[in-house]
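Read through the structure below, which is laid out as structure tokens, and then see the notes.
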Amino acid sequence: MMNKKPIFALKLATLVIALGYSLILPVMPFYMENLGAGGRELGWLTAVYALAQTVCAPFWGALSDRIGRKPIISIGIIGYSISLFLFGLASSFWTLFIARSLSGILSSATSVASLAYVGDSSSEEERSKNMSQLGASMSVGVMMGPLLGGILAGYSLAFPFFTGAGISFIAFLLILTLLPESIERSGQTEKRKTFDFSDLKSIIFGSAGMVLILIFVVHFCQTGLQGITGLYVVDKFGFSTKQVGVIWMALAGILIVVQGFLTGPLSKKIGEKRLILIGMFCKALVAFAMVLTTGFVSVLVVFGLFAVSSAITVPTLNATLSKTDNQHKGTLMGFASTAGNLSKVIAPLLAGYLYESNIELPYITTGGIALIGVVICYIWIKNQSLATT
70 MMNKKPIFAL KLATLVIALG YSLILPVMPF YMENLGAGGR ELGWLTAVYA
120 LAQTVCAPFW GALSDRIGRK PIISIGIIGY SISLFLFGLA SSFWTLFIAR
170 SLSGILSSAT SVASLAYVGD SSSEEERSKN MSQLGASMSV GVMMGPLLGG
220 ILAGYSLAFP FFTGAGISFI AFLLILTLLP ESIERSGQTE KRKTFDFSDL
270 KSIIFGSAGM VLILIFVVHF CQTGLQGITG LYVVDKFGFS TKQVGVIWMA
320 LAGILIVVQG FLTGPLSKKI GEKRLILIGM FCKALVAFAM VLTTGFVSVL
370 VVFGLFAVSS AITVPTLNAT LSKTDNQHKG TLMGFASTAG NLSKVIAPLL
420 AGYLYESNIE LPYITTGGIA LIGVVICYIW IKNQSLATT
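Using the working numbering, the first residue of the sequence shown is number 70, and each one after it goes up by one.
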């Protein structure tokens, strides 16, 4: 069983990463304007963060397999603190660009190693619960960040960045004092070796490969739906900013409750693979149902189901992935992060182009992709059942 102090430290680290990311969102347009930058530059800052995470996550995961989780988590947190501090000091766009790149590189270190740590330290029975609690911490950070950032920006546009840097530094100190090394404790240090391309081949074509495909599909559907829905409800129904805000607050609240309290027990009761299949089917249902919505209440109900499907699929997939290879948990989590981040780059771009043709088309396309995910998930479950008989 995983002790309370380590899981608290990991939840704090995850919350800090999410908080640091979302804290600056309401400030960025004004910050960019002060530096004489525009929408194109803002797009580059958004893209470089996701790109840095996509490229660097496997490296951090493999390195954590070799030298341990705690050093990588610590490096990520203290480096993230420095990158936010640089953001606050920035006097040019290129300083912002470098700081944002560092944020992406180093946040992926903490995220990947934290998931691998939970995989090392949790029993199979509690793994989904602990993964879900990390997800809930991330949701709390994402929800709190814009509110806190908007308040702090009233004092100074740079103040949210310095605050995020300070919170990250406190989290770094807590990681140093509260977090033992999971690999040493599990007695696996001497068995670990350098990751090579033969390992990559075994991951892609082994049991983990199907899980990574499902992770890509799940994140693709989630990002595609989230990215376009704000525009969709305004164009179709004329929603006010308050109504859109209520939808996102409800989404975050449901995510926190389901991830924090329900996903773990549900995975024990009905099994991880069935829970993933149910979540994937709900994704398809949500995408097609959005086309049929008639107003605020129906959108709220559909997005409530979307939140539930997100809360049960992502942590359960991560928990399942961590069981497929004890020797390369960090590497696996790195590739999982890459799959998720890659989908976050592709899905919004595709949804945007489809939306220009027809505002319903992104949802129909996402629903079709989710149904493909359902088929892949069903085949995966069948193959796993045959392999165990």
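For glycine and all other residues, C-beta sits at the position ideal for the given N, C-alpha and C.
- Residue burial annotation: Asn427 is exposed, with fewer than 16 other C-beta atoms found within 10 angstroms of its C-beta.
- Put simply, the stretch 233-251 touches the stretch 133-151. At least three CB pairs are less than 8 Å apart.
- Leaving aside the five residues that flank Leu155 on each side, the residues in its chain whose CB is nearer than 8 Å to its CB run, in chain order, Thr164, Ile167, Ala168 and Leu171.
- Here Phe230 is near Ile93, since their CB atoms are less than 8 Å apart.
- Setting aside the 5 residues that flank it on each side, Val443 is surrounded in the same chain by Leu346, Met349, Phe350 and Ala353, each with a C-beta closer than 8 Å to its C-beta; the list follows chain order.
- Here the C-alpha atom of Ser367 lies approximately 20 Å from the C-alpha atom of Ala380.
- The alpha-carbon separation between Phe308 and Tyr301 amounts to approximately 9 Å.
- With fewer than 16 other Cβ atoms inside 10 Å of its own Cβ, Asn103 counts as exposed.
- The beta carbon of Lys342 sits closer than 6 Å to those of Ile450, all from its chain and outside the five residues before and after it, given in chain order.
- Only residues of its own chain outside the window of five on either side were considered, and among them none has a CB closer than 6 Å to the CB of Tyr90.
- Leu248 sits in coil when the DSSP states are folded into three classes, being neither helix nor strand.
- Taking 8 Å as the cut-off, the Cβ atoms of Ile142 and Ala182 count as close.
- Counting only runs of 4+ residues, the alpha helix (DSSP H) found wholly inside the stretch 70-123 occupies 73-92 and 97-103, in chain order.
- Burial is judged here by how many other beta carbons sit within 10 angstroms of a residue's own beta carbon; Ile297 has at least 16 and is buried.
- Between Val383 and Val287, the C-beta spacing is below 8 Å.
- Following the DSSP letters along the chain, one finds Phe154 inside the alpha helix (DSSP H) bounded by residues Arg138 to Leu158.
- Exposure of Asn452 is indicated by the presence of fewer than 16 other C-beta atoms within 10 angstroms of its C-beta.
- With fewer than 16 other Cβ atoms inside 10 Å of its own Cβ, Tyr422 counts as exposed.
- Listed in chain order, the non-local C-beta contacts of Lys139 below 6 Å within the same chain comprise Leu248 and Glu250, local neighbours out to five positions each way being set aside.
- Secondary structure of Ala131 (DSSP, three-state): helix.
- C-alpha of Phe404 to C-alpha of Met318: approximately 30 Å in a straight line.
- Each of Leu369, Leu88, Met101 and Thr123 was checked against the Cα of Ile415, and the nearest Cα belongs to Thr123.
- Straight-line measurement puts the Cα of Thr310 at about 31 Å from the Cα of Phe285.
- The DSSP-derived three-state label of Thr362 is coil.
- Shown here, Phe238 sits in a helix according to DSSP, grouped into three states.
- Pairing Phe228 with Leu221 gives a Cβ-Cβ distance under 8 Å.
- Residue environment: Ser454 is assigned as exposed (fewer than 16 neighbouring CB atoms within 10 Å of its CB, all protein chains considered).
- A direct Cα-to-Cα measurement between Ile316 and Val360 gives close to 17 Å.
- A Cβ-Cβ contact shorter than 8 Å links Thr385 with Leu344.
- For the stretch 370-437, the full-length alpha helix (DSSP H) segments reaching 4 residues or more read 398-426 along the chain.
- Of the candidates Ser176, Lys73 and Val313, the residue whose Cα lies closest to the Cα of Ala119 is Ser176.
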